[in-house]
Each structure stands twice: as C-alpha cells, then as structure tokens.
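Residue numbers (this note's numbering): 999 to 1064.
In structure tokens, the structure reads:
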C-alpha cells in the first residue's frame, strides 16, 4: 500500500516512520520517499493500522492507496 504523509523532511523522519511500522509488524517492508511525501508499505497490517502507527510517530497521514 502507499500512504501519503505530511511532515517528513529528513533521515530522522524516515527512521521514525519505519520504526513505527516495523514495531507493529517486524516483517514489514517500508520504503520512504521524502520528496514525494510517500511511504510504500508491504505488510500484513491494515491501512488503518499503518495510518495509526504513522500518526503516533507524529506525522499526518493524508491518504492511503492499496
């Protein structure tokens, strides 16, 4: 799934978002594109669970696409 995320701007943001998702699913594959403000996630987590993890990390989810 792809998630549009607002507020990411640096390597720390990449690590924070990746960690937030992998703490919920250790087998998740996460690819963050800072320039596009997009996070691509391959995981057993639902879109709502991924969005919640990103939000709890301090970022704003603008939308998800399967």
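The beta carbon of each residue, even a glycine, is placed where N, CA and C say it ideally should be. These numbers come from a predicted model, not from an experiment.
Contact check, residue i vs residue j under 8 angstroms by CB: the rounded distance?
| i | j | result |
| --- | --- | --- |
| residue 1018 | residue 1051 | 4 angstroms |
| residue 1040 | residue 1060 | In fact, because the Cβ distance is near 20 angstroms, the residues do not count as touching under 8 angstroms. |
| residue 1057 | residue 999 | The Cβ separation is near 16 angstroms, so there is no contact. |
| residue 1012 | residue 1030 | 4 angstroms |
Quick one: is residue i near chain C, going by C-beta distance under 9 angstroms?
| i | result |
| --- | --- |
| residue 1033 | Absence of chain C from the displayed structure is noted, only one protein chain being present. |
For residue i, which of the options has the nearest alpha-carbon?
| i | options | result |
| --- | --- | --- |
| residue 1009 | 1035, 1025, 1001, 1000 | 1035 |
| residue 1062 | 1021, 1020, 1032, 1044 | 1044 |
| residue 1053 | 1064, 1037, 1042 | 1037 |
| residue 1023 | 1042, 1033, 1032 | 1042 |
When we look at the beta-carbon of residue i and count the other beta-carbons within 10 Å, is it buried (16 or more) or exposed?
| i | result |
| --- | --- |
| residue 1055 | buried |
At 3 residues or longer, and completely inside the stretch 999–1059: list those beta strand (DSSP E) runs for me, N to C. Fully enclosed beta strand (DSSP E) runs of 3 or longer: 1000–1004, 1027–1031, 1036–1040.
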